[in-house]
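If you count the sequence shown from 1, position 80 lands on 80 in UniProt numbering, and the numbers rise without skipping.
All C-beta atoms in this analysis are idealised placements derived from N, C-alpha and C, irrespective of residue type, glycine included.
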Amino acid sequence: MFYFDVCDREVFLSFRKAAVKNLRANSDSSEPEIMMGIKHISLLLEDAVADYQRRSLTLLHCVKNYNDKQVDTAAAPPSDHS
C-alpha cells in the first residue's frame, strides 16, 4: 500500500498548494469566506483521493480476474480434436 500513500500525499500537497495560492490572492476575504474556501478545498481533496482509490481497486480487480482466467486456462486439460 506504499504506492497509494505516496500518491495520496502528492494529491494532498497539490490541493494544499492551490488552497494557499487562492487564499493569498484573495487576502481581502473575510474570515468566514476563507474558512469556507478551506472547507471546499478539503472536500475536493477527499473526492480526488477517493476517486483515485476506486480506480486503483478497479484496476487491481481487472488484473486479478485476468490472472484467474489465465490459471483456469492453464489448468484445463487439452482438448482432443482428432
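Take the Cβ of Tyr3 as the centre, count every other Cβ of all protein chains shown within 10 Å, and call the residue buried at 16 or more, exposed below.
-> Caution is warranted here: a pLDDT of 48 is assigned to Tyr3, below 50, making its placement in the model unreliable, and the coordinate value is therefore given only provisionally. Exposed: under 16 other Cβ atoms inside 10 Å.
Which value, in whole angstroms, describes the spacing of the CA atoms of Phe12 and Asp68?
-> Using only the alpha carbons, I get a separation of about 35 Å.
Inter-residue Cα distance where the pair is Asp51 and Ile38 = Roughly 20 Å between the two C-alpha positions.
Does DSSP classify Asn22 as helix, strand or coil?
-> It is helical.
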